[in-house]
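**Student:**
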Amino acid sequence: MVDLQFEDKPVAFARTVSPYQEMGAYEALWDKDGITFKQLAQHFSANPGQLPSDLVPTEQAAKYSAMVCQQFKEAGIDRFGVRVFGEAEYPDQLRDAAYPIELLYYAGHWELVWEKSVAVVGTRRPSDDGVARTQKLVKALVKDGYTVSSGLAKGIDTAAHETAIAAGGRTVAVIGTPLSVTYPKENAALQHRIATEHLLISQVPVHRYDKHDFRWNRVFFPERNATMSALSVATVIVEAGKTSGSLIQARYALQQKRKLFILDSCFRQGLEWPQKLARQGAVRVREYGDIRGELPSPSHID
11 MVDLQFEDKP VAFARTVSPY QEMGAYEALW DKDGITFKQL AQHFSANPGQ LPSDLVPTEQ
71 AAKYSAMVCQ QFKEAGIDRF GVRVFGEAEY PDQLRDAAYP IELLYYAGHW ELVWEKSVAV
131 VGTRRPSDDG VARTQKLVKA LVKDGYTVSS GLAKGIDTAA HETAIAAGGR TVAVIGTPLS
191 VTYPKENAAL QHRIATEHLL ISQVPVHRYD KHDFRWNRVF FPERNATMSA LSVATVIVEA
251 GKTSGSLIQA RYALQQKRKL FILDSCFRQG LEWPQKLARQ GAVRVREYGD IRGELPSPSH
311 ID
């Protein structure tokens, strides 16, 4: 276990939270070797009311905040926000994750986080039919007033975001990189549009990510699936192979007591995972009404 006791500060409850200070402290914590989301979550769970800044000297937190702001500036990001557990704008639904995050970055319209959203996810290499099903589903969700969330990856994710925008709907992208990094590169324009006209969310520590190559940084992608699921009222898997990251989100959705839907076409591909997830509580979708009938009203989250 990584020692998180940087500095012994008294914990004060009902206090003013400085996003700038917490951002720097969060980044400093992540700069310790071996730190994970699980370790951070377990520490803060065992120490209610504590903030990242309670573990990091003020000067060190300021140093890391300045580094993050500089990296964002160099990436052309001039507007972004931070949400910290303990302040009013932090989404309570994130606490449903097994290892909830203490801090996240965002760009765009934060108010979209309070709308009822449905995550539409799937393979990075979809069939033409898979893309068509995504487009049909997203258009129906937008028509019924739901926000569409996804992970801004190739394939189904991209189709979900683009269709929501084209249909005049709202979309939220929860990414596995810092706000300053685009992955895949070909989605740079789409990511910028979501960050300015919709909502882009990241829990990835900027400085830590910048220090490592893609092999280490891959660990952030499955972690973002937990956050995406927690922020959504349901997840729909359109098309996915047996090793798809969508199945990670499926497991998180079931753990978090969210609705999980799997399109009927997935059951007809000779794969084992659809049947397995159905036995665990996932809903097999033969028509859109199978989804709509299970969703809450598309109103503001209480």
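Position one of the sequence shown corresponds to residue 11 (the working numbering), numbered consecutively onward.
Heads up, the beta-carbon is just placed ideally off N, CA and C, and yes, glycines get one too.
Since we're looking at a predicted model, the values are computed, not measured.
When you compare the CB positions of PHE271 and ALA292, do they come within less than 8 Å of one another, or not?
**Tutor:** Reading the sequence shown from its first residue, position 261 is the one you call residue 271. Reading the sequence shown from its first residue, position 282 is the one you call residue 292. Contact flag set, yes.
**Student:** Which residue wins for smallest C-alpha separation from GLN103, given the options TYR156, GLU97, ALA240, LYS164?
**Tutor:** On the sequence shown, residue 103 is found 93 positions in, with the first residue counted as 1. Of the candidates TYR156, GLU97, ALA240, LYS164, the one whose C-alpha sits nearest the C-alpha of GLN103 is ALA240.
**Student:** Do GLY34 and ALA72 have their CB atoms nearer than 8 Å?
**Tutor:** Here residue 34 refers to the residue found at position 24 of the sequence shown. Here residue 72 refers to the residue found at position 62 of the sequence shown. Contact flag set, yes.
**Student:** Suppose you measure from the CA of GLU37 to the CA of PRO110; what does that come to, to the nearest Å?
**Tutor:** On the sequence shown, position 27 is the one that residue 37 refers to. On the sequence shown, position 100 is the one that residue 110 refers to. If I take the Cα positions, the gap works out to 16 Å.
**Student:** Please report the distance separating the alpha-carbon of GLY91 from that of GLN279.
**Tutor:** In the sequence shown, counting from the first residue as 1, residue 91 sits at position 81. In the sequence shown, counting from the first residue as 1, residue 279 sits at position 269. Cα-Cα distance, rounded: 43 Å.
**Student:** Within 10 Å of its beta-carbon, does GLU121 have 16 or more other beta-carbons around it, so buried, or fewer, so exposed?
**Tutor:** The residue given as residue 121 occupies position 111 in the sequence shown. By the 10 Å Cβ count, GLU121 comes out exposed.
**Student:** Report the three-state DSSP secondary structure of SER212 (helix, strand or coil).
**Tutor:** In the sequence shown, the residue the question calls residue 212 occupies position 202. Strand.
**Student:** Please name the residue in SER256, HIS217, THR168, ALA56 whose C-alpha comes closest to that of LYS42.
**Tutor:** Your numbering for residue 42 matches position 32 in the sequence shown. Out of SER256, HIS217, THR168, ALA56, HIS217 has the C-alpha closest to the C-alpha of LYS42.
**Student:** Provide the residue(s) that pair with TYR115 in DSSP beta bridges, ordered along the chain.
**Tutor:** Against the sequence shown, residue 115 aligns to sequence position 105. Answer is VAL92, SER212.
**Student:** Which one of TYR116, ALA107, TRP40 has the shortest CA to CA distance from SER313?
**Tutor:** Not covered by the structure: residue 313. The range shown for the chain is 11 to 312.
**Student:** Please state the DSSP three-state secondary structure of SER159.
**Tutor:** Numbered from 1 along the sequence shown, position 149 holds the residue referred to as residue 159. It is a strand residue.
**Student:** Quick one: residues in its chain with C-beta nearer than 7 Å to the C-beta of PRO284, no 5 flanking neighbours on either side, listed in chain order?
**Tutor:** As a working mapping, residue 284 is identified with position 274 in the sequence shown. Around PRO284: ILE272, CYS276, PHE277.
**Student:** Since LEU270 is in the beta strand (DSSP E), which residue starts that stretch and which ends it?
**Tutor:** On the sequence shown, residue 270 is found 260 positions in, with the first residue counted as 1. It spans 269–273 - the beta strand (DSSP E) in which LEU270 sits, taken as one unbroken run.
**Student:** Drop a sphere of 10 angstroms on the beta-carbon of ASP139, count the other beta-carbons inside from all chains shown, and report buried for 16 or more, exposed for fewer.
**Tutor:** Sequence index remark: in the sequence shown, residue 139 carries index 129 (1-based). Exposed is the call here.
**Student:** Quick check on ARG294: does DSSP put it in helix, strand or coil?
**Tutor:** By one-based count along the sequence shown, residue 294 stands at place 284. Of the three classes helix, strand and coil, the one that applies to ARG294 here is strand, per DSSP.
**Student:** At a Cβ threshold of 8 Å, is GLU125 touching chain D?
**Tutor:** The question asks about chain D, but that chain is absent: this structure has only one protein chain.
**Student:** Straight-line CA distance for VAL191 to PRO215?
**Tutor:** Here residue 191 refers to the residue found at position 181 of the sequence shown. Here residue 215 refers to the residue found at position 205 of the sequence shown. Looking at the two C-alpha atoms, the distance is approximately 12 Å.
**Student:** Provide the residue span of the beta strand (DSSP E) that contains SER127, from first to last.
**Tutor:** Indexing the sequence shown from 1 puts residue 127 at position 117. Looking at the DSSP string, the run of the beta strand (DSSP E) that includes SER127 is 127–131.
**Student:** In the structure shown, what three-state DSSP assignment does ALA244 receive?
**Tutor:** By 1-based counting over the sequence shown, the position of residue 244 is 234. Three-state DSSP puts ALA244 in a strand.
**Student:** Since ILE166 is in the beta strand (DSSP E), which residue starts that stretch and which ends it?
**Tutor:** Here the question's residue 166 lines up with position 156 in the sequence shown. No beta strand (DSSP E) contains ILE166, which is instead part of the alpha helix (DSSP H) from 166–176.
**Student:** Since VAL4 contacts ASP167 with CB under 8 Å, what's their CB separation in whole angstroms?
**Tutor:** In the structure as shown, the chain begins at 11 and stops at 312. Residue 4 is therefore absent and cannot be evaluated.
**Student:** Compute the beta-carbon to beta-carbon distance between LEU162 and ALA183, rounded to the nearest angstrom, for a pair I have assumed lies under 8 Å.
**Tutor:** Stepping through the sequence shown from its first residue, residue 162 is reached at position 152. Stepping through the sequence shown from its first residue, residue 183 is reached at position 173. LEU162 to ALA183, Cβ: 4 Å. Contact.
**Student:** Express the C-alpha separation of GLY186 and SER212 in angstroms, rounding to a whole number.
**Tutor:** Taking the sequence shown and counting its residues from 1, the one referred to as residue 212 is at position 202. Taking the sequence shown and counting its residues from 1, the one referred to as residue 186 is at position 176. Cα-Cα distance, rounded: 7 Å.
**Student:** By alpha-carbon positions, which one of ILE87, GLN31, ALA85 ends up nearest to PRO67?
**Tutor:** As a working note, residue 67 is residue 57 in the sequence shown. Checking every option, the nearest Cα to that of PRO67 belongs to GLN31.
**Student:** Do SER137 and SER159 count as a contact pair if the criterion is CB distance below 8 Å?
**Tutor:** Taking the first residue of the sequence shown as position 1, residue 159 is located at position 149. Taking the first residue of the sequence shown as position 1, residue 137 is located at position 127. Not closer than 8 Å, so no.
**Student:** Please specify which runs of the alpha helix (DSSP H), each continuous and at least 4 residues long, are wholly inside the region 22–74, giving them in chain order.
**Tutor:** Whole alpha helix (DSSP H) segments, 4+ residues: 29–40, 47–56.
**Student:** Quick one: give me the first and last residue of the beta strand (DSSP E) that ILE185 is part of.
**Tutor:** The residue given as residue 185 occupies position 175 in the sequence shown. Note, ILE185: beta strand (DSSP E), 181–185.
**Student:** With which residues is GLU359 paired in a DSSP beta bridge?
**Tutor:** For the chain, the structure presents residues 11 to 312; residue 359 sits outside this window and is missing.
**Student:** Apart from the five residues just before and just after ALA301, which ones in its own chain have a Cβ nearer than 7 Å to its Cβ?
**Tutor:** Indexing the sequence shown from 1 puts residue 301 at position 291. Here residue 301 is Ile; the residue named in the question, Ala, does not match the sequence. Cβ within range, chain order: VAL246, PHE271, VAL295.
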